[in-house]
Each structure stands twice: as structure tokens, then as C-alpha cells.
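Trainee: Going by our numbering, the sequence shown opens with residue 7, and the numbers climb by one from there.
Beta carbons are placed, not taken as given, at the ideal position from N, Cα and C, and that holds for glycine.
Owing to the predicted nature of the structure, the values given are computational and were not obtained by experimental measurement.
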Amino acid sequence: MHDNFLAQLKNNLSSSTGQQRADWAKTIVMESIRISDLFVLLDGDVKTAKRFLWLLSNVGMWDKAYLRNALPNLLELSDQYEHLGMKESMISYWRNVGIPETSETDAINLLFTTLNSAQTNVTMKSRAMWALEPLMAKYPDILPEFKSILELELGKYGADYDKKVMKVLKKL
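1) Which residues in the same chain have their Cβ closer than 8 Å to the Cβ of Leu77, if we skip the five residues on either side of it in sequence?
2) Along the chain, which unbroken stretches of the alpha helix (DSSP H) at least 4 residues long are found entirely within the stretch 44-117?
3) Specify whether the stretch 119-133 and the stretch 163-172 touch according to this definition: at least 3 beta carbon pairs, one from each stretch, less than 8 Å apart.
4) Going by CA-CA distance only, name the one from Lys153, Leu12 and His89 that's closest to Phe118.
5) How big is the Cα-Cα spacing for Phe58 and Tyr145?
6) Taking only the alpha-carbon atoms, compute the straight-line gap between Thr54 and Leu149 and give it to the nearest angstrom.
7) According to the Cβ coordinates, are Asn64 and Ala31 closer than 8 Å?
8) Between Ser42, Glu88 and Met92, which has its C-alpha nearest Tyr72's C-alpha?
9) With Leu178 as the anchor, note down where its alpha helix (DSSP H) starts and where it stops.
10) Would you please state the rounded distance, in angstroms, between the beta carbons of Ala134 and Leu121? I believe it to be under 8 Å.
11) Can you tell me whether Arg40 is buried or exposed? The criterion is at least 16 other CB atoms within 10 Å of its CB, across all chains shown.
12) To the nearest angstrom, report how far apart Met36 and Met142 are at their CA atoms.
13) Within the same chain, show all residues whose beta-carbon is closer than 7 Å to that of Arg74, passing over the 5 residues directly before and after it, in chain order.
14) What residues in its chain sit with their C-beta under 7 Å from that of Trp68, if we drop five residues either side in the sequence?
15) Report the residue from Tyr87, Glu139 and Ser21 whose alpha carbon sits nearest the alpha carbon of Leu48.
16) Taking DSSP as the reference, what is the three-state secondary structure of Met36?
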């Protein structure tokens, strides 16, 4: 393992800048550092743990497949780290890098729950909608439910959200 790199993250992640996280993400990808070896950062202080989740977004910007390959293991931890907003992070990752095939069932359940929740903010609803949309061709049996949920969303959250919903509905 890259002990020096992990120590650097433990010491600096909580006060890191966006540029630092981008640089570290590049290092993770270029040096093939296993993301699962960095999961110990989730056990640190809350600020470090949250910035680690941000760092993972940067990893996905460098190499979508690299992050996507780590997502099934991260999903397994999501209940344990719910206080960090891990499920919301998972939705963002899926939106940005796609859903690993081994996680599709769990992802579909979480994404539908997110869309159906009145407590979910519009940003997370949008991300859930965009993460689900590519799966409709693969799982046509859930397409009617997806369309129905989106149609029920129209008029609830404003014109910008309605435009996003209509864009997805037109693609289906």
C-alpha cells in the first residue's frame, strides 16, 4: 500500500482545497492506488471523511471506470456511514460514472426511493433521475413506474426541474 500517500491524506484532507483533491485524485488513478485501501479515511473525523467522499468525485473525473469499480464496495458501507451522507454521494457517483452491474438492483431501489421521497431535495432528485435513465433500456419492466414518478414530479419544484424531467421523459 502507499503508506506515505495515506498518511498525507489523513493529515491534510480535512483542510484540503479543490486543487489538492484534484491532484490527489490524479495520483490515485495514475499510481493505481486501490480506493478500498483508502476507506479507512471514512473512520476519521467527519470533515476528513466528507472530503474523502469529495475526493472520490475527483477520481471519477479522472477515470470513470476506476471509480465505478470501487462503488460496489463503497455501497456496502453506505449504511454504516449514513451520517456522512454516503447514500447521497453514491447517487452522485452513479450519475457521474454509471452504476456497476453488480449494484444495479440496490441502486435502482435507492434511486426510486430518492425520487419518491418528499424530503429529498431537487438536486438529489435530478441526480437520481439521470442515474436511472440509462437503465431503462436494460430493464423495460420498470420503465412505466419511472415515467409515472417523473410525471407526478412535474409542477412541484419549479420550471428548471420540470425542464430536466421533460428532457428525460423525451429520451425514454
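Mentor: With the structure as the only source:
1) Position 71 of the sequence shown, counted from the first residue, corresponds to residue 77. Once the five neighbours on either side are set aside, the close Cβ partners of Leu77 are Met96, Tyr99, Trp100, Val103, Ile105, Pro106 and Ser109.
2) 52-68, 70-83 and 92-103
3) yes
4) In the sequence shown, residue 118 corresponds to position 112, counting from 1. If we check each option's Cα against that of Phe118, Lys153 comes out closest.
5) Within the sequence shown, numbered from 1, the residue matching residue 58 stands at position 52. Within the sequence shown, numbered from 1, the residue matching residue 145 stands at position 139. Approximately 33 Å, taken between the alpha carbons.
6) In the sequence shown, the residue the question calls residue 54 occupies position 48. In the sequence shown, the residue the question calls residue 149 occupies position 143. Whole-angstrom Cα-Cα distance: 39 Å.
7) Along the sequence shown, read from residue 1 onward, the residue named residue 64 stands at position 58. Along the sequence shown, read from residue 1 onward, the residue named residue 31 stands at position 25. The answer is yes: Cβ separation under 8 Å.
8) One-based indexing of the sequence shown puts residue 72 at position 66. Closest option to Tyr72, Cα to Cα, is Ser42.
9) Position 172 of the sequence shown, counted from the first residue, corresponds to residue 178. Careful: Leu178 lies outside any alpha helix (DSSP H) and carries neither H nor E.
10) By one-based count along the sequence shown, residue 134 stands at place 128. By one-based count along the sequence shown, residue 121 stands at place 115. With a Cβ gap of about 5 Å, Ala134 and Leu121 count as contacting.
11) Working through the sequence shown from its first residue, we reach residue 40 at position 34. Classification of Arg40: exposed, given that the 10 Å Cβ count is below 16.
12) As a first step, residue 36 is located in the sequence shown; it is residue number 30 there, counting from the start. As a first step, residue 142 is located in the sequence shown; it is residue number 136 there, counting from the start. Taking the straight line from one Cα to the other gives about 34 Å.
13) For the purposes of this step, residue 74 is taken as residue 68 along the sequence shown, with counting starting at 1. Val103, Gly104 and Pro106.
14) Residue 68 sits at position 62 when you count from the first residue of the sequence shown. For Trp68, where only same-chain residues beyond five positions count, the Cβ hits under 7 Å are Ala31, Lys32 and Val35.
15) What you label residue 48 is simply residue 42 of the sequence shown in a count that begins at 1. With distances taken between Cα atoms, Leu48 lies closest to Tyr87.
16) Working through the sequence shown from its first residue, we reach residue 36 at position 30. Three-state DSSP puts Met36 in a helix.
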